[in-house]
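A.B. asks:
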Amino acid sequence: MSNLEFEKPITELKNKINELKKLAGDANIDFTSEITSLENRLTKLEDDVYSNLQPWDKVTIARLPQRPTTLDYIPLLFENFMEFHGDRLYGDDAAIVGGIATFHGMPVTVIGQQRGRDTKENIKRNFAMPHPEGYRKALRLMKQANKFKRPIITFIDTKGAYPGKAAEERGQSEAIARNLFEMAGMDVPIICIVIGEGGSGGALALGVSNRILMLENSTYSVISPEGAAALLWKDSALARKAAETMKITAKDLKELNIVDEIIPEIRGGAHNDINAQAKYMDEIISKHLFDLLSLPKEKLAQDRFNKYANIGYIKSTVIEQTKEEQHTHQ
Amino acid sequence: MIKDFFAKKKKYASVPYRQETMPVPDGVMTKCDKCKKIHVTKDIAKNQFVCPECNKHHFIKSKDRINFLVDEGSFEEWDSNFISDNPLNFEGYEAKLESDRHKTGLNEAIITGKATIKGCSTALAVMDSEFRMGSMGSVVGEKILKAIERCIELEIPLIIFTASGGARMQEGIVSLMQMAKTSAALKTFCNSGGLFISVMTHPTTGGVSASFASLGDIIIAEPGALIGFAGRRIIEQTIREELPEDFQTAEFLLKHGHLDAVVSRLEMRDKLALILQMHQPQEVQ
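Just so you know, the sequences run in chain order U and S.
In this text, residue positions in the first sequence follow the numbering used here: the first is 1, and each later residue adds one.
In this text, residue positions in the second sequence follow the numbering used here: the first is 1001, and each later residue adds one.
1. By DSSP, does T102/U sit in helix, in strand, or in coil?
2. According to DSSP, what are the bridge partners of Q113/U?
3. Taking CB distances under 8 Å as the criterion, tell me whether T245/U reaches chain S.
4. Can you tell me whether DSSP reads Y90/U as helix, strand or coil?
5. Is L71/U near A278/U, with beta carbons less than 8 Å apart?
6. Starting from N80/U, trace the beta strand (DSSP E) both ways and give me its first and last residue.
7. Output the residue ranges of the alpha helix (DSSP H) runs that lie fully inside the stretch 170-217 of chain U and measure 4 residues or longer, sorted by chain position.
8. Which whole-angstrom value describes the C-beta separation of S1084/S and G1137/S, a residue pair presumed to lie in contact below a C-beta threshold of 8 Å?
9. Extract the residue ranges of the alpha helix (DSSP H) inside the stretch 1025-1060 of chain S, only unbroken runs of 4 or more that lie entirely within it.
10. When the Cβ atoms of the stretch 1174-1191 of chain S are set against those of the stretch 301-312 of chain U, are three or more pairs found closer than 8 Å?
11. Between S224/U, D48/U, E216/U and G99/U, which lies nearest to G86/U when the distance is taken from Cα to Cα?
12. Based on DSSP bridge pairs, tell me the residues matched to V108/U.
13. Per DSSP, what are the beta-bridge partners of Y220/U in this structure?
14. Tell me where the beta strand (DSSP E) around T249/U begins and ends.
15. With distances taken from CA atoms, which of E1222/S, C1151/S, N1107/S and T1249/S is nearest G171/U?
16. What would DSSP say about T69/U, mapped onto helix, strand or coil?
17. For the candidate residues E1241/S, P1087/S, K1146/S and L1266/S, whose alpha-carbon lies nearest to that of T1182/S?
18. What alpha helix (DSSP H) runs, 4 residues minimum, are completely inside the stretch 1190-1272 of chain S?
19. Take K297/U and list the residues in its own chain whose beta-carbon comes closer than 7 Å to its own, dropping the five residues that flank it on each side.
20. So P1087/S and V1174/S are in contact, right, with Cβ under 8 Å, and what is the actual spacing, rounded?
21. Which residue comes first and which comes last in the beta strand (DSSP E) that contains F1082/S?
22. Is there a Cβ of chain S sitting closer than 8 Å to that of P189/U, yes or no?
23. Which first and last residues belong to the alpha helix (DSSP H) in which F127/U is found?
24. Name the chain S residues that come within less than 7 Å of F305/U, Cβ to Cβ?
25. Should I311/U be labelled buried (16 or more other beta-carbon atoms within 10 Å of its own) or exposed?
26. Please go through the same chain and pick out, in chain order, the residues whose beta-carbon is closer than 7 Å to the beta-carbon of A145/U, but skip the five residues on each side of it.
27. Just to confirm before moving on: does the CB-CB distance between I314/U and I284/U stay below 8 Å?
28. In the DSSP assignment, find the beta strand (DSSP E) that holds A1167/S and state where it starts and stops.
29. Quick one: does G1134/S have its CB under 8 Å from some CB of chain U?
30. From the DSSP output, in three-state form, read off F1075/S for me.
31. By the three-class DSSP mapping on this structure, what secondary structure does D303/U have?
32. Please name the residue in G1105/S, G1027/S and T1116/S whose C-alpha comes closest to that of D1128/S.
33. Quick one: is G312/U near chain S, going by C-beta distance under 8 Å?
34. Counting only the same chain and skipping the five closest in sequence on each side, list residues whose C-beta sits under 6 Å from that of T1021/S.
35. Using the beta-carbon count (16 or more within 10 Å), is C1054/S buried or exposed?
36. Which of the three DSSP states is assigned to K1114/S in this structure?
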C-alpha cells in the first residue's frame, strides 16, 4: 500500500479489521458480525474515496515512485522491443527511451520519457527531465519511423525539460520547437499517451499527435502546481489550490476538448495492477491506431494540423460591440 | 521666464526616482539604466529607443517598432479585434486583460498585418511585452496562425518580432497547445516554400522561445536581448552554481550557434529589406 494521504482512512479501517480478526483468533471470541459490518463499511469508504479524488490527489498518484513508467508498459504492450540510442550529434540522453517494437504484429516506433524507479536510476535518468539531445534522439527516431512508414507511439511522463546551463547552451528551446514543427508534418499516425506527469514544453515535445490519450490519474499542464502557485500567488504552498485552478487532470482536459480519450485506471492507480492496466491501454490504443490507419496517408498531417489549429478561446470585439449596440437599442 | 525655469527644474528632478523601473518614461529627460547617462527623452525616442551613448536597446512599443520598420503608411493590420476568452474561468483574468487593454491601447500581446519594407511586401507580427508580459495565449496563437495562412495565400514572407515571457499561465493547457499550433502552422508554411524570419527581442523565453521563435529560416536577435528556455533563477537553483553574466543573452546564443546574426535595431530595416530582396521571386535565365 502506498502512502497516499487520501488513502489514510482506508488504511486505518483495514488495520482495525485485521486487529479484530487477530483478536478473534487469539481470544477465540466470535466477532463475525462486527467484522462483516466493518468490511461493508470499508467497501463503502473505498467507493466513496476513489470516486471523489480531487485534482491534488491525482497529482500525488501521478507522482508516486511506484507508478508504472514507459519501460514498465513497453513489454506489456509491445513485442520485440529493441532500444535505439543516441542523437548522432552529441550524446545519448537516458531521460528519453525509444526504439522499434511490434504492436499486434505491426512494426511501430515507441518513444517516451523515462523516470527512474529508485534514486540510483533516477540520477541516471535525470528524473525524466530531458536535455536537448534527448529530444533530438526522439526526433531522429521519429524521422526514421516516417521513412519506414511506422506509426509512432509516445509516452509522456516528465516534470519538464531540464532547466540547466548545459541544456540552454545546447539549445533546449530549439530542440523542443523543432520536435513540435517536425511532428506536425509526419505522414504516419502519431498517438501520444500521458502516463504520469505531463509538464510543459518538455512534455509537449513528444506530444504533437493525431490522438492524445491520458491515463485517468495523470496530469498535463503548462506549469507544475507548485510553479503556478509561486508565479501567480507568490506562494508555492498553494499548490493544492493551483492544481484545481489550472485544470490539469485528464477529466479537465477532456472537457477542454484537448484530450481525445481518457484511459480508465485500476482503482487507486495504475500501480495497483499494471498487467490489468496495460490491457485497458492496449484496447484503447489499438482502437485509435486502427482508426488512424484507415485514413489516407496524406490526410494524417492535415488531421493533426486541424486538431491543434482548433485549440483556442477567442472572442472578437466586433461581436461585443454588436451586443452592446443591441443592448442600447432595446 | 522665471516660471519656465521652475517648471523645467521640477520635471528634471523626477528623473532619478523613475530610473530603475522605467528606463524610458514620458519625462523630458531619461537616464539610461546601463550607462547611467542622462539623455533628452525625445533624442532616445528618435534613435528608436536605443541609447546613443552605450547602444543599450530599451523597450519599444510594438506600434513604434512597426512605424520605424515599414514604409510609411504601408501597414495594414489584421485581426485587431481578437480578444481572449477565459477558458479556465480563471479568477481575475478578464479584469487583468481589461486593465492591460486600457494601459497599452492594444487588444492583445501581438499585432499582425502586412506592409512593405523598402518596397518588399511582407507579413509582420510584432509582440508587445507591455501586454501581459507578451505572453502567448489563444489570441497570440490564433493571430499567428491566421497570419501564416494569409502568407501562404498571398505568397509573401513572414517576419515575427518576439518579446514574450512565454506561455500565458491564466490559459493553462490551452496556452501550452498554442506552441504546437504555431509550430504546426509554420511547418505548413515551410512546405509551401515561404520565408520566415524570426527576430528575437528582449525578452524571448519559455514557450515562445521553445516554439515559433526558434523556427525561423533565418533567426536574428537584437543586442543584449534575453533569450532562453528556463528562467535564470530556476537554473541557478537547480544546478546550484552562479551563471556567467552574459548567460542567455543574444551574444551568448550567437556564440553557441543558435542565431544567424545579432542586428542593431538601427540597422534592422536595412538588413530585413536586404534579406527580403534576396528572397523575391527570381526570373530564371
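Even for Gly, the Cβ is constructed at its ideal location relative to N, Cα and C.
A quick note: this is a predicted structure, and the numbers were derived from the prediction, not measured.
C.D. replies: Quick answer:
1. strand
2. I96/U
3. yes
4. coil
5. no
6. E79 to E83
7. 172-184 and 200-204
8. 5 Å
9. 1041-1046
10. yes
11. G99/U
12. A101/U
13. G198/U
14. That residue, T249/U, is in no beta strand (DSSP E); it is neither H nor E in DSSP.
15. T1249/S
16. coil
17. K1146/S
18. 1206-1209, 1232-1239 and 1250-1255
19. D187
20. 5 Å
21. F1082 to S1084
22. no
23. Premise fails: F127/U is in no alpha helix (DSSP H) and is neither H nor E.
24. A1184 and T1188
25. buried
26. T109, I152 and V188
27. no
28. That residue, A1167/S, is in no beta strand (DSSP E); it is neither H nor E in DSSP.
29. no
30. coil
31. helix
32. G1105/S
33. yes
34. Annotation note: pLDDT 43 at T1021/S (below 50); position unreliable, coordinate value reported separately. Result list for T1021/S: empty, nothing under 6 Å.
35. exposed
36. strand
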